[in-house]
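Everything below concerns the one structure shown next.
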């Protein structure tokens, strides 16, 4: 009958070193550390002690004589865009978001997103209060003298004037701009309109009679 026995492996290198360190006494180890040579400290450079600091007076020194003549100086132009951006930045720095719905309504009213009280039908059309009502309705006078007295273009422009007269959302100036746009359009297409017969042809220049 055989008895199996575990064979112990050989100790590793690390275990051997750990075993040797445990055999050394702590007093001997501290003595070896204390007797080890140390690197000498670097001496303070003597050059730093020799440097003399010189004080500089920025306000009482000699001037460069650049801005001595006030008459030659020119004022810098005021930039309106930068000024508006600066004011906007200052306002945003002290502006806080609304804490409740009432403050939000006040903010929207200042921004023009809400109706201002008292509410009426002329809100936002304050300039139109100075305009007579007939100027909104009777727009045919703006067709003279460029529009032909009859024909398809005259009929079309009369319908345009009727549509503009019934539009209560446009100002008088906006209605005039619409009519002016059609005038310029027909001027650009004048040659084509004359070919199709929508506009009368230009009268021929009078022929000069040579005197014999």
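In the working numbering, the protein residues as written are 117 to 328. Cβ atoms here follow ideal geometry from the backbone N, Cα and C, with glycine treated the same way.
(request) Tell whether a beta-carbon distance below 9 Å holds between residue 287 and residue 253. (result) no
(request) Would you list, in sequence order, the uninterrupted alpha helix (DSSP H) runs of no fewer than 4 residues that lie entirely inside the stretch 161-246? (result) 162-166, 196-210, 217-226
(message) Assuming residue 281 is part of the alpha helix (DSSP H), what are its boundary residues?
(response) 268-281
(request) Indicate whether the contact test is met: 3 or more Cβ pairs, each with one atom in the stretch 281-298 and one in the stretch 310-318, closer than 8 Å. (result) no
(message) Pop quiz: residue 231 and residue 239 are said to be a contact at Cβ under 8 Å. What is the actual Cβ separation, rounded to whole angstroms?
(response) 6 Å
(request) Express the C-alpha separation of residue 278 and residue 269 in angstroms, rounding to a whole number. (result) 14 Å
(message) Going by DSSP, what residue range makes up the alpha helix (DSSP H) through residue 256?
(response) Element bounds for residue 256: n/a, residue is neither H nor E.
(message) Buried or exposed, going by whether 16 or more other CB atoms sit within 10 Å of the CB of residue 175?
(response) exposed
(request) Please say whether residue 223 and residue 214 have beta carbons closer to each other than 9 Å? (result) yes
(request) Alpha carbon to alpha carbon, how far is residue 203 from residue 259? Give it in angstroms, no decimals. (result) 47 Å
(request) If I'm right that residue 280 touches residue 255 with Cβ under 8 Å, what's the distance once you round it to whole angstroms? (result) 6 Å
(request) Consult DSSP for residue 297 and reduce its assignment to one of helix, strand or coil. (result) helix
(request) Starting from the Cα of residue 243, find the closest Cα among 262, 221, 211, 289 and give me that residue. (result) 289
(message) For residue 262 and residue 192, what's the separation of their Cα atoms in angstroms?
(response) 50 Å
(request) Confirm the yes/no value for this check: CB of residue 286, any heavy atom of the ligand ATP, distance under 8 Å. (result) For the ligand ATP, the structure offers nothing, since it holds no ligand at all.
(request) Could you say which of 282, 170, 194 lies nearest to residue 249 if we only look at CA atoms? (result) 282
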